[in-house]
Amino acid sequence: MPCLILKNSYATRLLLLLLIILMPLCATAAERLRLATTTSTDNSGLLELLLPPFEQAYHCEVDVIAVGTGRALRLGEKGDVDVVLVHAREKEDAFIAAGYGVERRDVMYNDFVLIGPAADPAQVAELKDVAAAFGAIMQAETVFVSRGDESGTHFREMQLWQAAGVEPQGPWYLEAGRGMGEVLIMADESRGYALTDRGTYLAFKDKIALKVLLSGDSRLFNPYGVMAVNPAKHPHVKSELASAFCEYLASDQAKAIIRSFRKGGEPLFYVED
Amino acid sequence: MIMNAPLIQLTNVKQRKGDFCLEVDNLELMPAKLYALTGPNGAGKSSLLRLLALLERADSGVICFDGAELGSEGLRHAARNQITMVEQEPYFFHGTVMQNICYGLKLRGLPQKEQSRRADEALERVALSRFATRAVDGLSSGEARRVAVARAIALKGRLLLLDEPTANVDQETQPYFAELIQQLLNDQTTVLFSTHDASLQQRVGAKLFTIDAGRLAGVSTL
Amino acid sequence: MQYLIDSLGTALVLIFSLDSDVLSTVQISVVTSCCSLVIAALLGIPLGTLLGSYRFFGRRVCITLLNTMMALPTVVVGLLIFGLFSRQGPFGTFGLLFTPMLIIIGQAVLATPIVANYTLAAVKGADKRILPTALTLGASPLQARLQLLRQVRFGVMAAVIAAFGRVIAEVGVAMMLGGNIRGYTRTMTTAVALETSKGEFAFAMALGLILMLLALLVNLFLNLLQQK
């Protein structure tokens, strides 16, 4: 009876081909460390420079799962990843306080910027205060495109609306529910405003017509932190490797790499000396 | 094995299909004998043949093959290996005449050489020796019927069932039929064919069964 | 218009220079899709044969279920399987989340109903005389069913090809279950999604072209088989 199947030479040839292709999949010799981070961090390209020295030193592979900040933290809470790298300080502190993570470390920082059309209908460029700028946008009812996806950027945006004492509502306020790049393109198309991290703006500078209208406000400060998932809550996580990773990100070696990382001549991230 | 023990025996067999009910009180087919089954259209000839071919199960009653009652599927399969049938509209698998004939031979585990030998022998007996490599698609109905017969006799079963073997077939096919039957009887094969043609039965000297509205009447001996 | 032509040019360069990122996504897509097809065939063909051959209690329910599953959006399937295999889920201990293995499982879930449905149609539409003919020639019931499948093999092959089309081009399952990890679970489709979100249309177009090429090759292969 088996000969009836093997007789079909196509089947045997296909099976052999499949086995050959499958070989690389089976090669899971290296240990894998799961890192949840934000899409903007991943899209910046920094990790491609930052991870290899660690991977080589510890003979492992770091799996980067890039999702929104909210989702990244949830993955850490559920123990689906071993370590979390995000930029939402309050949320990170809550994460540690609730016992989901151990040893938060500062990694780097950059800033958010408020971008908009060069014509600046809401006239935010004169204001130094970003909360006041948000208020002005609401008053003028000019288009504002929000991430709307619980990302770090979105959290900050919500905080700024709160600081301005207003709740954004109306046809001018577009909640995109998409990544930063897509939001920038959408804002460009609608000639509207948006809050973005500087890194993504620099990456898209040549593709859109919007300009940086406001920056430097202390409330636009954007620190990144790394946290290892608590092994007490999730015993299966690779806690040793995760700890080593956190230590590495705060090390001088990592700082040097971050400092040297530039796009279009400008640094995307900064580190404390 | 006692020589006058029946090859296949149906006792109190009933089969119901919708409104139609097939009833056989007693039917015995002896080894190396020739039987004909006649009856009007819709009388149940094909149903009885399918029952004898063990393709379908009866609702009640006993079927014995070679003295053994056929209860389990295993026994039925073993018996089916010794029974062959040629349908009125035979179906062929995609491929050549040779491939079709060898299908059953392959199932029985015969070596390639033996398969070819038997296939060639069977084709010769139906006068289609040149047809081994022909595709089954291009056969005329007469040729198709003969290939189906060849396919069945190559298996050298002990019981051969034929459903209307000479119906709708060109005249030239008929003479070989009588000769073929004689050869099969000599090989100790029991042959049962259903037919409309009463004269055919007389010509070949078959024992006659008649069936009407699902009821089988006894053997009329010659 | 100009930017489309520029993107096309860059895309062709990426393809012919055998860019390692491009190759990696192609390999991962092809491997996961093929593996999921193997599973789908092993499950779907017998299932379709069963449903097409026998009447049994609950048959209609099964067929309705299959049809529903075929129409499910891939994200929904991805979500369901994510729930099952994340650490919180019943199968969390296997740690399969964000591995190629889970993409394969997810895509198998997508592909199996298609294979089963097409096989069901092929078997139902098969000549009614195949089984009795095989049986009278000495086949066991199982052998007879296999012979029937061989007689409708083009219908079954069409089933597998159709399933391949569904899984090679889907994003939802691969994204949710694989996590789009570079060099590990980044398929052609998730890569396209990522690169488009970054505004890298040339890369996205390169992958799109390869996807179309793959579809073409698969169809040519099917044509070749049919001619034999």
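Chains as they are written, first to last, in my numbering: chain A, 1 to 273; chain B, 274 to 495; chain C, 496 to 723. Beta carbons: idealized from backbone N, C-alpha and C, even for Gly.
Exercise. If we call anything under 8 Å between Cβ atoms a contact, is B:Arg391 one with B:Leu401?
Worked result: no
Exercise. From this set, B:Gln372, B:Ala309 and B:Val370, which residue's C-alpha is nearest B:Ser467's C-alpha?
Worked result: B:Ala309
Problem set entry | Where A:Ala194 falls, given that 16 or more other Cβ within 10 Å makes a residue buried | buried
Problem set entry | Short-range partners of chain C found in the stretch 175–191 of chain A, where Cβ spacing is below 9 Å | Arg178, Gly179, Met180, Gly181, Glu182, Leu184 and Ile185
For this session: Check each candidate in A:Gly99, A:Glu48, A:Asn222 and A:His59 and name the one with the smallest Cα separation from A:Pro231.
Result: A:Gly99
Exercise. Any Cβ of chain B within less than 8 Å of the Cβ of C:Gln638?
Worked result: yes
Exercise. For C:Asn714, is the classification buried or exposed, using 16 other Cβ atoms within 10 angstroms of its Cβ as the cut-off for buried?
Worked result: exposed
Exercise. Taking any Cβ of chain B, which residues in the stretch 520–553 of chain C have a Cβ under 8 Å from it, in chain order?
Worked result: none
Exercise. When the Cα atoms are used, what is the spatial distance from B:Ala490 to B:Ser472?
Worked result: 19 Å
For this session: Counting only the same chain and skipping the five closest in sequence on each side, list residues whose C-beta sits under 7 Å from that of B:Arg488.
Result: Glu296
Exercise. Do you know how far the Cα of A:Ser40 is from the Cα of C:Ile663?
Worked result: 27 Å
For this session: Count the other CB atoms, across all protein chains shown, that sit within 10 Å of the CB of A:Ala242; report buried if there are 16 or more and exposed otherwise.
Result: buried
For this session: Evaluate B:Gln385 with the Cβ neighbour count: other Cβ atoms within 10 Å of its Cβ, from every protein chain shown; 16 or more gives buried, anything less gives exposed.
Result: exposed
Problem set entry | A:Gly116 - containing beta strand (DSSP E), residue span | Gly101 to Gly116
Problem set entry | Among C:Leu643, C:Gln497, C:Thr563 and C:Ala697, nearest to C:Pro541 - alpha-carbon criterion | C:Leu643
Exercise. Between A:Arg105 and A:Val226, is the Cβ-Cβ spacing less than 8 Å?
Worked result: yes
Problem set entry | C:Arg681 - DSSP class collapsed to helix/strand/coil | coil
Exercise. Quick one, which of A:Leu47, A:Leu50, A:Val62 and A:Thr38 has its alpha-carbon nearest A:Glu31's?
Worked result: A:Val62
Exercise. Does any CB atom of chain F fall closer than 8 Å to the CB of C:Gly650?
Worked result: This model lacks chain F altogether, as its protein chains are A, B and C.
For this session: Answer with buried or exposed for B:Gln474, where buried requires no fewer than 16 other C-beta atoms within 10 angstroms of its C-beta.
Result: buried
Exercise. Residues of chain A with a CB under 9 Å from the CB of C:Phe589: which are they?
Worked result: In chain order: nothing, as chain A lies at least about 11 Å away.
Exercise. Counting contacts by CB-CB distance shorter than 8 Å, is C:Phe698 in contact with chain A?
Worked result: no
For this session: Would you list the one or two residues that DSSP bridges to B:Cys337?
Result: B:Gln282 and B:Glu342
Exercise. Per DSSP, what kind of secondary structure is C:Met700 in: helix, strand or coil?
Worked result: helix
For this session: Could you name the residues of chain C that B:Met358 contacts, counting a contact when the two beta carbons are closer than 7 Å?
Result: Thr631
For this session: Just list the alpha helix (DSSP H) runs in the stretch 586–637 of chain C, keeping only unbroken ones of 4 residues or longer that don't cross its boundaries, in chain order.
Result: 595–619 and 625–631
For this session: Please look up how many angstroms separate the CB atoms of A:Val130 and A:Arg219, rounded, as I've assumed it's under 8 Å.
Result: 6 Å
Problem set entry | A:Thr37 in three-state terms, based on DSSP | strand
Problem set entry | A:Thr153, buried or exposed, once every other Cβ within 10 Å from all chains shown has been counted against 16 | buried
Exercise. What residue ranges within the stretch 410–454 of chain B form continuous alpha helix (DSSP H) runs of no fewer than 4 residues, ordered along the chain?
Worked result: 414–426
Exercise. Under three-state DSSP, which class holds A:Pro52?
Worked result: helix
Exercise. On the three-state DSSP scale, how would you describe A:Ile5?
Worked result: Caution applies to A:Ile5, whose pLDDT of 44 falls short of 50 and renders its modelled position unreliable; the value that the coordinates give is listed next. Here A:Ile5 sits in helix by DSSP.
Exercise. What does a CB cutoff of less than 6 Å around C:Val700 pick up in its chain, not counting 5 residues either side in sequence?
Worked result: The sequence given here has Met at residue 700 of chain C, not Val. The residues are Ser502 and Ala506.
Exercise. Under the three-state reduction of DSSP, which class applies to A:Ser151: helix, strand or coil?
Worked result: coil
For this session: Give the range of the alpha helix (DSSP H) segment to which A:Tyr193 is assigned.
Result: It is not in any alpha helix (DSSP H) - A:Tyr193 instead sits in the beta strand (DSSP E) that spans Tyr193 to Asp197.
Exercise. Beta-carbon of B:Gly377 versus every beta-carbon of chain C: anything under 8 Å?
Worked result: yes
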